[in-house]
Amino acid sequence: MSAARSIAVTLVVAAVVVGSAAGAGLLGVGQQSTPEQSVEASAHSPDERVVTAEEETGQIEVGGDESKVVLIDTVHGNDIGEGKLSAMVSALSAAGHEVRFTDRDARRGSEFNATLRQADVFVVISPERPFTQAQLNGVDAFTDAGGRLLLADDPQTPSFSFFGFPGDRGSSAPGMSALASQAGIGFNDGYVYNTGTYDSNYRSVYATPGGGFASDVERTTFRNARAVTVRDGTRLLVTGEGAELSTTRDSGQYAVAVRSGNVVAVGSTSVFATDGYQNEANEEFTSALLTFLVTGDKRPSDAPAPSEDGRERTGGERPPRA
0 MSAARSIAVT
10 LVVAAVVVGS
20 AAGAGLLGVG
30 QQSTPEQSVE
40 ASAHSPDERV
50 VTAEEETGQI
60 EVGGDESKVV
70 LIDTVHGNDI
80 GEGKLSAMVS
90 ALSAAGHEVR
100 FTDRDARRGS
110 EFNATLRQAD
120 VFVVISPERP
130 FTQAQLNGVD
140 AFTDAGGRLL
150 LADDPQTPSF
160 SFFGFPGDRG
170 SSAPGMSALA
180 SQAGIGFNDG
190 YVYNTGTYDS
200 NYRSVYATPG
210 GGFASDVERT
220 TFRNARAVTV
230 RDGTRLLVTG
240 EGAELSTTRD
250 SGQYAVAVRS
260 GNVVAVGSTS
270 VFATDGYQNE
280 ANEEFTSALL
290 TFLVTGDKRP
300 SDAPAPSEDG
310 RERTGGERPP
320 RA
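According to numbering that gives the first Met the number 0, the residues represented by the sequence shown are 0 to 321, in order.
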């Protein structure tokens, strides 16, 4: 049995700053990529619209009176580099919560569930490797017992398509589908864009509250976001009219953040990063989200405890979807 490593905030912030500098070139190019079905140039021409940058001063404030253990997954090929979680980690640590990262031993089902047993919150970002059945059962038992789970997946990957233009991963990360589907959640292929109303470019879409703990949040900006669906739950943030999917060009109002019971899914990590959490009211949403995550009550506190073959599952009653 291997305990997760506790990571000091100063080391985390130093690491993400270095990662941000190394990955800046790829991020800058990826944000300007065109949809799979090309968008007319006139729709986002500089002559059509001048963007005026406003001063960004918001801060993330995490509520809750009890210190919790937040575990971040790193053993499934997770894309958490380039400062994607820097603002989140800093805010949680400043509020007195312990942030840990899974270690290499947690790749095995029994060790993974032993590590998860010590946590109150589990964060999974763009897992490239699938979860084993034992791990899936462990996560299910974890949320059934009241543990809080955050899933987030970006459409952007630092890959290149024909003629040197940046490419995008069309489908969600390989390890995400099975994990999200347990909660009745799905990440749509492609990304959401809006050529009529947007922030810095047509892939920076505005989203407003749809309900739940995000009800009091003002307008947010999601950069490079997937649309997220939920079968029986709450659409937390929804894009404005005129948004389209890059894969189909269907126009509609798409959810970019949803909740199903103890599980929250977000279609972009931009709201957690240093260069994105202060845009519009992003810090309000991230504050509300992190407060939700750390105010759960996991009982039994040592859930999950499934067997190695993944057949046994323990935990409390399944919470109602909300």
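Ideal Cβ placement from N, Cα and C applies to all residues, glycine included.
Item, Value
"Using beta-carbon positions only, say whether E127 and G174 come within less than 8 Å of one another.", "yes"
"DSSP state of S259, grouped into three classes?", "strand"
"Which value, in whole angstroms, describes the spacing of the CA atoms of A138 and A172?", "The amino acid at residue 138 is misidentified as Ala; the sequence shows Val. Between V138 and A172, the C-alpha separation is close to 17 Å."
"Give me the residue from D119, D231, P208 with the minimum Cα distance to A280.", "P208"
"Closer than 8 Å is the cut-off here; do at least three beta carbon pairs connect the region 99-118 with the region 221-236?", "no"
"Note down, in chain order, each residue of its chain lying with its Cβ closer than 8 Å to the Cβ of G183, except the 5 sequence neighbours on either side.", "V229, R230, D231, G232, S259, R320"
"On a Cα-Cα basis, can you pick out the residue from S125, N187, L288, T194 that is closest to S214?", "L288"
"Going by other Cβ atoms of all chains shown within 10 Å of its Cβ, with 16 needed for buried, is S199 buried or exposed?", "exposed"
"May I ask which residues mark the beginning and end of the beta strand (DSSP E) holding F100?", "97-100"
"Count the other C-beta atoms from every protein chain shown that fall within 10 angstroms of the C-beta of T247, then say buried if there are 16 or more, exposed otherwise.", "exposed"
"So the candidates are G95, Q58, V123, M87; which of them puts its Cα closest to the Cα of G76?", "V123"
"Kindly indicate the opening and closing residues of the alpha helix (DSSP H) around S89.", "85-93"
"Within the region 125-204, note down every full alpha helix (DSSP H) run reaching 4 residues or more, in order along the chain.", "132-143, 175-180"
"Let me make sure I understand the geometry here. Which of R106, G275, G146, V88 has the alpha-carbon closest to that of Q134?", "R106"
"I need the DSSP call for V216, collapsed to helix, strand or coil.", "coil"
"Tell me F221's beta-bridge partners as DSSP assigns them.", "V204"
"Cutting at 7 Å between CB atoms, please list the residues of its own chain near G275, excluding the five before and the five after it.", "R222, S269, N281"
"Which word fits P303, buried or exposed, when buried means at least 16 other C-beta atoms lie within 10 angstroms of its C-beta?", "buried"
"Pull up the distance between the alpha-carbon of Y192 and that of G146, whole angstroms please.", "33 Å"
"When the Cα atoms are used, what is the spatial distance from T285 to G57?", "11 Å"
"Hey, is T196 close to the ligand FAD, as in C-beta under 7 Å from one of its heavy atoms?", "The ligand content of the structure shown is nil, which means the ligand FAD is not present either."
"To the nearest angstrom, how far is it from the Cα of G334 to the Cα of S66?", "The structure shown does not extend to residue 334, since the chain is modelled only from 0 through 321, so no value can be given for it."
"Tell me V270's beta-bridge partners as DSSP assigns them.", "BP columns for V270 are empty, so no partner."
"Suppose contacts are defined by Cβ-Cβ distances below 8 Å. Is A179 in contact with G185 by that definition?", "yes"
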